[in-house]
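Asker: Structure in structure tokens, see below.
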Amino acid sequence: MDIIWLSHGSFRIETAGQVLLIDPWLTGNPALPEDQHDAALSGATHILLTHAHFDHVVDVLALSKRLNIPLVGQYDLMGHWGETEGVDTVGFNKGGTVDLNGVKVSMVAASHSSTFNTPEGIRTGGTEVGFMIQSEGKTLYISGDTDIMADMDWMGDYYKPDIGILSAGGHFTMDMKGAAYAAKRYFNFKTVIPCHYKTFPILEQSAQVLIDGLPGVDVIEPEVMKAITL
Numbered sequence: 001m002d003i004i005w006l007s008h009g010s011f012r013i014e015t016a017g018q019v020l021l022i023d024p025w026l027t028g029n030p031a032l033p034e035d036q037h038d039a040a041l042s043g044a045t046h047i048l049l050t051h052a053h054f055d056h057v058v059d060v061l062a063l064s065k066r067l068n069i070p071l072v073g074q075y076d077l078m079g080h081w082g083e084t085e086g087v088d089t090v091g092f093n094k095g096g097t098v099d100l101n102g103v104k105v106s107m108v109a110a111s112h113s114s115t116f117n118t119p120e121g122i123r124t125g126g127t128e129v130g131f132m133i134q135s136e137g138k139t140l141y142i143s144g145d146t147d148i149m150a151d152m153d154w155m156g157d158y159y160k161p162d163i164g165i166l167s168a169g170g171h172f173t174m175d176m177k178g179a180a181y182a183a184k185r186y187f188n189f190k191t192v193i194p195c196h197y198k199t200f201p202i203l204e205q206s207a208q209v210l211i212d213g214l215p216g217v218d219v220i221e222p223e224v225m226k227a228i229t230l
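Per full-length UniProt numbering, the sequence shown starts with residue 1, numbered consecutively.
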């Protein structure tokens, strides 16, 4: 399994012959160079969405059409876009699991918000979620944008993820201290990868607090477009 950070909350997951793009944000992303966009998208098979905020979905409709690949996410938003935008979608909901050509993706709760702008004003785009991805004998938890929440207790116990991609930049999500607390209290990760940080000055710029807070866990600060092989 190769995990490639596309900066912010965006990832490229290469596993079991599939290439999953998680919340791919290209347009206006200050941390992903334009000359890296094609490499970030190459061979993509699915686009997974955690929620509807612009920094997670601004490109996904165009990418789905251009790459001819489905959008995978919360039922309400997928249903809306499937009907109004003519894109292929896989809509499911919290508690559900879909099989993406051998890669199993389960939807779990997050604690954030999920809105997008329309000419008629702000609209709610379903609900915010995270994912548990099971592939190659590993379980990868993608928190999506979230705060610490009590649901992490059963999620950690039930799915037992060994890898955690955790939002940790603060202001809009957990900060590094909060992510360390959640990881230590609710999970037994072997590897933790922080995200949703560094993109803007308002977000945390270092994961040192997370590293210091999780002794014995391999906390990997990702580099944009550099594969982490697990």
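No residue lacks a Cβ here, since even glycine has one placed at the ideal position from N, Cα and C.
Distance check for Ile47 and Ser64, CA to CA, integer angstroms please.
Answerer: For this step, residue 64 is matched to residue 64 along the sequence shown. For this step, residue 47 is matched to residue 47 along the sequence shown. One C-alpha to the other measures close to 7 Å.
Asker: Within 8 Å, do at least three Cβ pairs link the segment 49–59 to the segment 87–104?
Answerer: Flag = no, the segment 87–104 and the segment 49–59 do not touch.
Asker: How would you label Arg185, buried or exposed, when you count the other beta carbons within 10 angstroms and need 16 or more for buried?
Answerer: Residue mapping note: residue 185 aligns to position 185 of the sequence shown, counting from 1. Exposed.
Asker: Using three-state DSSP, classify Asp151 as helix, strand or coil.
Answerer: For the purposes of this step, residue 151 is taken as residue 151 along the sequence shown, with counting starting at 1. Three-state DSSP puts Asp151 in a helix.
Asker: If you draw a straight line from the alpha carbon of Gly164 to that of Ser113, how long is it in whole angstroms?
Answerer: Counted from its first residue, the sequence shown places residue 164 at position 164. Counted from its first residue, the sequence shown places residue 113 at position 113. Roughly 21 Å separates the two Cα atoms.
Asker: Assuming residue 231 is part of the beta strand (DSSP E), what are its boundary residues?
Answerer: The chain is shown only over 1 to 230; residue 231 falls outside these bounds and no answer can be derived.
Asker: Looking only at its chain, what residues have a beta carbon closer than 8 Å to the beta carbon of Asp145, apart from the 5 residues adjacent to it on each side?
Answerer: Taking the sequence shown and counting its residues from 1, one reaches residue 145 at position 145. Excluding positions up to five away in sequence, the list reads Gly9, Thr50, His51, His53, His56, Ala110, His112, Glu128, Ser167, Phe172, Thr173, His196.
Asker: Would you list the residues sitting across from His46 in a DSSP beta bridge?
Answerer: Here residue 46 refers to the residue found at position 46 when the sequence shown is read from its first residue. Beta-bridge pairing links His46 to Leu20.
Asker: Going by alpha carbons, who is nearest to Glu204 out of Gly170, Val217, Thr229, Lys226?
Answerer: On the sequence shown, residue 204 is found 204 positions in, with the first residue counted as 1. With distances taken between Cα atoms, Glu204 lies closest to Gly170.
Asker: How is Ala207 classed by DSSP in three states: helix, strand or coil?
Answerer: Position 207 of the sequence shown holds residue 207. Coil.
Asker: Is it buried or exposed for Asn117, if we count other Cβ within 10 angstroms and need 16 for buried?
Answerer: In the sequence shown, counting from the first residue as 1, residue 117 sits at position 117. Exposed, since its Cβ has fewer than 16 Cβ neighbours within 10 Å.
Asker: Who does Lys138 pair with in a DSSP beta bridge?
Answerer: For this step, residue 138 is matched to residue 138 along the sequence shown. DSSP lists Ser135 as partners of Lys138.
Asker: When DSSP labels each residue in this structure, what does Glu83 get in the three-state scheme?
Answerer: The residue given as residue 83 occupies position 83 in the sequence shown. If DSSP states are grouped into helix, strand and coil, Glu83 belongs with the helices.
Asker: Apart from the five residues on each side of it in sequence, which residues of its chain come closer than 8 Å, Cβ to Cβ, to Thr27?
Answerer: Taking the first residue of the sequence shown as 1, we reach residue 27 at position 27. Excluding sequence neighbours, Thr27 sits near Val58, Asp59.
Asker: Quick check: Val90 and Phe131, are their CB atoms within less than 8 Å of each other?
Answerer: In the sequence shown, counting from the first residue as 1, residue 90 sits at position 90. In the sequence shown, counting from the first residue as 1, residue 131 sits at position 131. No. Outside cutoff.
Asker: Hey, could you find the ends of the beta strand (DSSP E) Ala227 is sitting in?
Answerer: The sequence position of residue 227 within the sequence shown is 227, counting from 1. Taken as a continuous stretch (DSSP letters only), the beta strand (DSSP E) holding Ala227 covers 227–229.
Asker: Among Met149, Ser206, Pro161, whose alpha-carbon lies nearest the alpha-carbon of Tyr141?
Answerer: Within the sequence shown, numbered from 1, the residue matching residue 141 stands at position 141. Ranking Met149, Ser206, Pro161 by Cα distance to Tyr141 puts Pro161 first.
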